[in-house]
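Written below as structure tokens is the structure these notes are about.
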Amino acid sequence: LPEGQGLSFGEGASHEEMHGAYGKARFCFVPRGKSGWSLRMFEALFAGCVPVMLSDKWELPFEDFLDVTRFVIKWPSTRVNGELLSYLRSLPDEVIRRYMEAGAEAR
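Just so we're aligned, residue 12 is where the sequence shown starts under this note's numbering, counting upward by one.
Given below as structure tokens:
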């Protein structure tokens with residue numbers, strides 16, 4: 012995805028800069044980490060943005076007892092392109108607000 016058009020990437024940014032950007036964002040991309048989970052997922056959740064998991068097979072450790080579909084968007088890493096951006100931009104504000112509220116409840 013190209014930077015701009017409402018997208019911001021944190022390459023080379025400090026932790027403070029990234030946390031500030033997360034706090035202002037509606038969506039936070041969460042690419043798969045080297046292990047079975049990623050700290051970015053929890054950073055996004057606690058920042059209040061909607062985590063967008065970019066992975067084909069990644070499962071969250073708490074999916075057995077939390078309905079993560081209420082506060083996480085899972086998107087296949089093989090389809091990270093303009094389609095993802097179009098989808099996120101098409102979500103009504105009310106839907107985004109419900110994702111954020113459910114994330115706050117899960118915290």
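We put the beta carbon where it would ideally sit given N, CA and C, even for glycine. The structure presented is a predicted model; accordingly, all values stated were derived computationally and were not measured.
Per DSSP, reduced to three states, the secondary structure at residue 79 is helical. According to the DSSP assignment, residue 41 belongs to the beta strand (DSSP E) that extends over 38 to 42.
In the three-state reduction of the DSSP assignment, residue 35 falls in the helix class, which pools H, G and I. Considering only 106, 62, 113, the residue with the shortest C-alpha distance to residue 86 is 62. The Cβ-Cβ distance between residue 56 and residue 114 falls below 7 Å.
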